[in-house]
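Student: My questions will all concern the structure given below.
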Amino acid sequence: MFMLQKIANTIRHLTMDAVELAGSGHPGMPMGCAELGAYLFGEFLRFDPAYPKWPHRDRLILSVGHGSLWLYSCLHLAGFSLTLDDLKNFRQIDSKTPSHPDLTRTEGVEATTGVDGQGVGYAVGQALGLKHLRIDSKVVVVAGDGDLMEGVAMESSSLAGHLCLNNLILIFDSNSTTLDGYVNESFSENLSLRFQSQGWDVLSIDGHNLDQIRAALAPLRTHQEKPTLVIAQTRIGRGAPNAQGTPAAHGRPLGKEEVALAKKELGLPDVSFHVDQEIYHFFKKRSSAGISPSVFSVPSHLESVLQNIPISSPIAGRWVSHKVLQVLADHLPQLVGGSADLSSSDGTYLEKYGP
3 MFMLQKIANT
13 IRHLTMDAVE
23 LAGSGHPGMP
33 MGCAELGAYL
43 FGEFLRFDPA
53 YPKWPHRDRL
63 ILSVGHGSLW
73 LYSCLHLAGF
83 SLTLDDLKNF
93 RQIDSKTPSH
103 PDLTRTEGVE
113 ATTGVDGQGV
123 GYAVGQALGL
133 KHLRIDSKVV
143 VVAGDGDLME
153 GVAMESSSLA
163 GHLCLNNLIL
173 IFDSNSTTLD
183 GYVNESFSEN
193 LSLRFQSQGW
203 DVLSIDGHNL
213 DQIRAALAPL
223 RTHQEKPTLV
233 IAQTRIGRGA
243 PNAQGTPAAH
253 GRPLGKEEVA
263 LAKKELGLPD
273 VSFHVDQEIY
283 HFFKKRSSAG
293 ISPSVFSVPS
303 HLESVLQNIP
313 ISSPIAGRWV
323 SHKVLQVLAD
333 HLPQLVGGSA
343 DLSSSDGTYL
353 EKYGP
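Right, dumping it as structure tokens:
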């Protein structure tokens with residue numbers, strides 16, 4: 003556990019320095035979830051930075067997008083193409099490290115997030131897609147209080163329970179703190195009971211205890227019957243002696259004095275953007291070996307096939323779409339589609355395949 007704790011404290015170190023340099027940002031979530039990040043990237047997640055789009059990788063989605071430095075720090079340490087200079091350019095125009103994760107800018111980011119609850123919906127969709135493709139990978143989504151207050155999160159988690167998506171893990175960063183106050187001032191729903199009623203398994207852990215994190219997550223790699231909610235009790239801004247556990251840690255720089263105190267308390271060197279070389283060596287050894295860089299591709303002949311679909315007479319657009327879908331289904335085994343109880347009307351059903 004020594005190395006994982008060192009990784010966790012380095013996540014805190016990089017977060018504090020990047021927010022201070024940018025003059026804005028959210029240090030609280032990355033510091034509060036540092037142990038979770040260390041375990042996920044240090045042990046649990048299956049990935050290879052050399053092939054970031056490897057189809058059989060696990061997917062990590064940060065729904066609580068304002069905590070983007072948590073993800074950026076983890077990706078940098080794990081060996082993805084995100085440098086210390088990129089971290090120093092946090093929140094700068096055209097940088098690889100925008101304020102919220104953007105999959106078009108940053109290698110290793112699986113979903114563009116920031117709108118509360120949206121990442122949970124993305125995760126459910128990706129978990130369903132992997133099931134359709136018969137890919138044995140996990141989808142892990144990290145969400146906060148604001149995410150789980152949103153309708154999109156409640157609706158999509160209901161679908162996940164109904165479909166028994168046992169490749170989906172939702173880690174809830176339960177830090178009891180909001181930007182302007184505390185969660186109990188505005189929200190009192192029992193989330194454990196909500197998710198249980200939707201057909202999820204629910205676990206509760208100390209989000210700073212690496213033994214508890216491992217005990218909860220490691221068994222899910224080989225045995226998971228339902229989508230699983232892991233409620234991780236954390237302290238926002240963990241390590242900052244005066245700000246931790248308070249709204250002051252949420253969405254603004256801690257200040258030079260508090261950063262210096264935090265580094266002293268955590269046993270970190272009083273220098274900016276420091277990473278112990280042992281951490282880089284650890285992740286270099288961890289990188290998966292022998293992973294194929296192959297990815298799903300669209301057949302080169304598909305365009306000509308689509309251009310030659312016979313349309314004998316003028317028909318409604320939905321039935322042209324229906325004909326196109328039949329051809330796509332024959333040539334793209336990874337095709338995923340659907341309709342909200344309207345397939346017989348809008349033509350989105352497949353004639354040769356089951357639902």
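If you use my numbering, the sequence shown corresponds to residues 3 to 357, in order. Just so it is clear, CB atoms sit at the ideal spot from N, CA and C, and this is done for glycine as well. Note that the structure is predicted; figures quoted are calculated from it, not measured.
Would you say the region 171-187 touches the region 242-252, given that touching needs at least three Cβ pairs under 8 Å?
Tutor: Judged by Cβ distances under 8 Å, the region 171-187 makes contact with the region 242-252, as three or more pairs qualify.
Student: Look at Phe92 and Thr99 and say whether their C-beta atoms are less than 7 Å apart.
Tutor: Yes. Within cutoff.
Student: Nearest to Leu77 by alpha carbon, out of Ala155, Gln246, Gly34, Leu105?
Tutor: Residue Leu105 is the option with its Cα nearest to Leu77.
Student: What's the gap between the Cα of Gly292 and the Cα of Asp343?
Tutor: Residue placement at Gly292 is flagged as unreliable, the pLDDT there being 46, under the threshold of 50; the coordinate-derived value follows with that caveat. If you take the alpha carbons of Gly292 and Asp343, they lie about 43 Å apart.
Student: Nearest to Ile207 by alpha carbon, out of Arg136, Pro103, Ser159, Asp175?
Tutor: Taking only the C-alpha atoms, the option nearest Ile207 is Asp175.
Student: Would DSSP call Val21 helix, strand or coil?
Tutor: Val21 falls in the helix class under three-state DSSP.
Student: For Asn169, which of Glu227, Arg216, Gly339, Leu212 has the nearest alpha-carbon?
Tutor: Residue Glu227 is the option with its Cα nearest to Asn169.
Student: With H, G and I counted as helix, E and B as strand and the rest as coil, what does DSSP make of Phe197?
Tutor: Three-state result, Phe197: helix.
Student: Give me whichever residues DSSP pairs with Ala234 in a beta bridge.
Tutor: Asp175, Ile207.
Student: From Leu327 to Val154, what does the alpha carbon distance come to, in whole angstroms?
Tutor: So the alpha carbons of these two residues sit roughly 28 Å apart.
Student: In or out: Gly123 buried (at least 16 other Cβ within 10 Å) or exposed?
Tutor: Flag for Gly123 reads buried.
Student: Are the region 133-140 and the region 54-66 in contact at 8 Å, needing three or more beta carbon pairs?
Tutor: Yes, they touch.
Student: Look at the alpha carbon of Leu256 and the alpha carbon of Gly319, and state the distance between them as a whole number of angstroms.
Tutor: Near 57 Å, if we compare the C-alpha coordinates of Gly319 and Leu256.
Student: Ala220 lies in the beta strand (DSSP E); which residues open and close that run?
Tutor: Looking at the DSSP string, Ala220 is not in any beta strand (DSSP E), and its letter there is neither H nor E.
Student: Would you kindly work out how many angstroms separate the C-alpha atoms of Asn186 and Cys35, rounded to a whole number?
Tutor: Each residue's alpha carbon lies about 20 Å from the other.
Student: So, for Gly67: in the same chain, excluding its five sequence neighbours on each side, which residues have a beta-carbon less than 6 Å away from its beta-carbon?
Tutor: Closer than 6 Å at Cβ, skipping near neighbours: His102, Pro103, Thr115, Gly116.
Student: Tell me the rounded alpha-carbon separation between Arg48 and Ile215.
Tutor: Taking the straight line joining both Cα atoms gives about 17 Å.
Student: What would DSSP say about Val154, mapped onto helix, strand or coil?
Tutor: Three-state result, Val154: helix.
Student: Do Asp118 and Glu157 count as a contact pair if the criterion is CB distance below 7 Å?
Tutor: Going by C-beta atoms, Glu157 is not nearer than 7 Å to Asp118.
Student: Would you kindly work out how many angstroms separate the C-alpha atoms of Val62 and Leu268, rounded to a whole number?
Tutor: Here residue 62 turns out to be Leu, not Val, going by the sequence shown. In a straight line, the C-alpha of Leu62 is about 27 Å away from that of Leu268.
Student: Do we get a CB-CB distance below 7 Å when we pair Ser302 with the residues of chain B?
Tutor: Of the protein chains in this structure there is only one, and it is not chain B.
Student: Could you check the C-alpha separation between Val126 and Ser159 for me, to the nearest Å?
Tutor: Approximately 7 Å between the Cα atoms of the pair.
Student: Can you list the alpha helix (DSSP H) stretches of 4 or more residues lying completely in the region 35-69, in chain order?
Tutor: Counting whole runs of 4 or more residues, the region 35-69 contains the alpha helix (DSSP H) stretches 36-41.
Student: Take Gln246 and list the residues in its own chain whose beta-carbon comes closer than 6 Å to its own, dropping the five residues that flank it on each side.
Tutor: Only Arg237, Gly239, Arg240 meet the Cβ criterion.
Student: Is the beta carbon of Met31 less than 7 Å from the beta carbon of Arg14?
Tutor: It is not a contact, given that the beta carbons lie outside the stated cut-off.
Student: By Cβ distance below 7 Å, which residues in the same chain neighbour Ser367 in space, the five residues on each side in sequence not counted?
Tutor: One cannot answer for residue 367 here, as it falls past the ends of the chain, which runs 3 to 357.
Student: Let me make sure I understand the geometry here. Which of Asp96, Glu191, Gly27, Glu353 has the alpha-carbon closest to that of Gly148?
Tutor: Cα-wise, what sits closest to Gly148 is Glu191.
Student: Please report the straight-line C-alpha distance between Gly146 and Ser341, rounded to a whole angstrom.
Tutor: Answer to the nearest angstrom: the Cα atoms are 30 Å apart.
Student: Helix, strand or coil for Val300, going by three-state DSSP, please let me know.
Tutor: Note: Val300 maps to coil in three-state DSSP.
Student: Could you check the C-alpha separation between Trp321 and Val300 for me, to the nearest Å?
Tutor: Answer to the nearest angstrom: the Cα atoms are 23 Å apart.
Student: In the structure shown, what three-state DSSP assignment does His276 receive?
Tutor: The answer is coil: DSSP assigns His276 none of H, G, I, E or B.
Student: Could you tell me which residues DSSP puts in a beta bridge with Leu170?
Tutor: DSSP output for Leu170 lists Val141 as bridge partner(s).
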